[in-house]
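Visitor:
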Amino acid sequence: MSRRIDSHEFFQVREPGKEINFLFDGSVVWAQEGDTISTALIASGKKLVSRSFKYHRPRGIYDADGYGPESLVTVDDEPNLLADRVLVRNGMDVRSQNNWPSLDFDLAEINDVVVPFLPNGFYYKMFHKPKWLWPIAEKQIRKVAGLGSIDTAGRHVSRRYEKRYRFPDICVVGGGPSGLAASKAALDEGKKVLLLDDHPEIGG
106 MSRRIDSHEF
116 FQVREPGKEI
126 NFLFDGSVVW
136 AQEGDTISTA
146 LIASGKKLVS
156 RSFKYHRPRG
166 IYDADGYGPE
176 SLVTVDDEPN
186 LLADRVLVRN
196 GMDVRSQNNW
206 PSLDFDLAEI
216 NDVVVPFLPN
226 GFYYKMFHKP
236 KWLWPIAEKQ
246 IRKVAGLGSI
256 DTAGRHVSRR
266 YEKRYRFPDI
276 CVVGGGPSGL
286 AASKAALDEG
296 KKVLLLDDHP
306 EIGG
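For what it's worth, my numbering labels the leading residue of the sequence shown as 106, then goes sequentially.
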């Protein structure tokens, strides 16, 4: 069932895009071109999208600007991407992170029951004697409190993370109104400007 709105009192709702679909934890989710993963999941009625970092508490989307850890997902084997920053592509494979055996039934949720009985930072004080015990404990702690898993099998060999070198006169960080105004002022002065923003579209 779609939960989309077609009008709003304070802002203009965009025109519906072409209907596409992708996989979320193996289930087909229908979306529209222009959706982020987050908006597509919300529109499809999906409330549970992740588990909290340490205690594995259930988490839904509560931040629509890409700063919330609840939206970290794996997309086509690339981990730790923000679901509210990634635009949906037809056929993409999106998976939730930090749960086992599944997002809906995560056995590590028992942490939420056990941890209140343990002192803060207990893992820094325990498992250090004998010396051989800590490397074993460290690996298990990392699995429980971890996030995405890196594609060590190299299934996406075409993926590259190249460095790019730019030499502008002025670098403006932030593509909101102030950043755009500063960039325009510098361009009007004949400067070479590099504008950086962490969103897929500028404008704030």
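Backbone N, C-alpha and C fix where the C-beta goes; we use that ideal spot for every residue, glycine too.
Would you list the residues sitting across from Ser155 in a DSSP beta bridge?
Guide: The count along the sequence shown starts at 1 and reaches residue 155 at position 50. Note: Ser155 sits in a beta bridge opposite Arg164.
Visitor: If we count the other Cβ atoms within 10 Å of its Cβ and call it buried at 16 or more, is Thr144 buried or exposed?
Guide: Translated into positions along the sequence shown, residue 144 becomes position 39. Answer is buried; the Cβ neighbour count reaches 16.
Visitor: Which partner residues of Asn126 appear in the DSSP bridge assignment?
Guide: Residue mapping note: residue 126 aligns to position 21 of the sequence shown, counting from 1. Paired residue(s): Trp135.
Visitor: In chain order, which continuous runs of the beta strand (DSSP E) of length 3 or greater are located wholly inside the region 282-307?
Guide: 298-301
Visitor: Taking the alpha carbon of Cys276 as the point to measure from, which residue in Ser288, Ser176, Pro282 and Arg269 has its own alpha carbon closest?
Guide: For this step, residue 276 is matched to residue 171 along the sequence shown. Nearest C-alpha to Cys276: Ser288.
Visitor: Helix, strand or coil for Thr144, going by three-state DSSP, please let me know.
Guide: As a first step, residue 144 must be located in the sequence shown, where it is residue number 39. Helix.
Visitor: Keeping to the same chain, check which residues put their C-beta closer than 7 Å to that of Pro273; ignore five residues upstream and five downstream.
Guide: Sequence index remark: in the sequence shown, residue 273 carries index 168 (1-based). Result list for Pro273: Lys297, Val298 and Leu299, in chain order.
Visitor: Roughly how far, in whole angstroms, is the beta-carbon of Val191 from the beta-carbon of Ile142, given that I think they are within contact range, below 8 Å?
Guide: For the purposes of this step, residue 191 is identified with residue 86 of the sequence shown, where counting begins at 1. For the purposes of this step, residue 142 is identified with residue 37 of the sequence shown, where counting begins at 1. Correct: roughly 5 Å between the Cβ atoms.
Visitor: Pick out whichever of Glu183, Trp237 and Leu212 has its Cα sitting closest to the Cα of Gly259.
Guide: Walking along the sequence shown from the start, residue 259 turns up at place 154. The shortest Cα separation from Gly259 among Glu183, Trp237 and Leu212 belongs to Glu183.
Visitor: Taking all protein chains shown into account, do 16 or more other C-beta atoms lie within 10 angstroms of the C-beta of Phe116, making it buried, or fewer, making it exposed?
Guide: If you number the sequence shown from 1, residue 116 lands on position 11. Note on Phe116: under 16 other CB atoms within 10 angstroms of its CB, so exposed under the neighbour-count rule.
Visitor: Helix, strand or coil for Pro184 per DSSP?
Guide: On the sequence shown, position 79 is the one that residue 184 refers to. It is a strand residue.
Visitor: With DSSP run on the structure shown, which of helix, strand or coil describes Arg247?
Guide: Along the sequence shown, one-based indexing puts residue 247 at 142. Reduced to three states, the DSSP call for Arg247 is helix.
Visitor: Enumerate in chain order the residues of its own chain whose CB-to-CB distance from Ile255 is below 8 Å, with the five nearest sequence positions on each side excluded.
Guide: Translated into the one-based positions of the sequence shown, residue 255 becomes position 150. Hits under 8 Å: Pro184.
Visitor: In three-state DSSP terms, what is Pro273?
Guide: Position 168 of the sequence shown, counting from 1, holds the residue named residue 273. It is coil, neither helix nor strand.
Visitor: In the DSSP assignment, the alpha helix (DSSP H) including Asp217 goes from what residue to what residue?
Guide: As a working note, residue 217 is residue 112 in the sequence shown. Run containing Asp217: Asn216 to Val219, per the alpha helix (DSSP H) assignment.
Visitor: So what does DSSP say about Pro174, is it helix, strand or coil?
Guide: Counting from 1 along the sequence shown, the entry for residue 174 is found at position 69. It is helical.
Visitor: With distances taken between CB atoms, is the gap from Pro282 to Gly253 smaller than 8 Å?
Guide: Indexing the sequence shown from 1 puts residue 282 at position 177. Indexing the sequence shown from 1 puts residue 253 at position 148. In this structure, Gly253 does not lie closer than 8 Å to Pro282 by Cβ.
Visitor: Look up Pro224 in the DSSP assignment and say whether it is helix, strand or coil.
Guide: Counting from one through the sequence shown, the residue named residue 224 turns up at place 119. When DSSP states are grouped into helix, strand and coil, Pro224 belongs to the coil group.
Visitor: Report the rounded CA-to-CA distance for Leu285 versus Pro305, giving the unit in angstroms.
Guide: One-based indexing of the sequence shown puts residue 285 at position 180. One-based indexing of the sequence shown puts residue 305 at position 200. Going from the Cα of Leu285 to the Cα of Pro305 covers about 15 Å.
Visitor: If you compare alpha carbons, which of Gly131, Ser201, Val154 and Tyr167 is closest to Asn179?
Guide: Translated into positions along the sequence shown, residue 179 becomes position 74. Contrary to the premise, residue 179 reads as Thr rather than Asn in this sequence. The candidate whose alpha carbon is nearest that of Thr179 is Ser201.
Visitor: List the whole-angstrom C-beta distance separating Val220 from Tyr160, where the pair is believed to meet the contact cut-off of C-beta under 8 Å.
Guide: The count along the sequence shown starts at 1 and reaches residue 220 at position 115. The count along the sequence shown starts at 1 and reaches residue 160 at position 55. With a beta-carbon spacing of about 6 Å, Val220 and Tyr160 fall inside the 8 Å limit used to define contacts.
Visitor: Measuring CA to CA, which of Asn204, Asp181, Ala290 and Ile147 is closest to Gly165?
Guide: Within the sequence shown, residue 165 is the residue found at index 60, counting from 1. It is Ile147.
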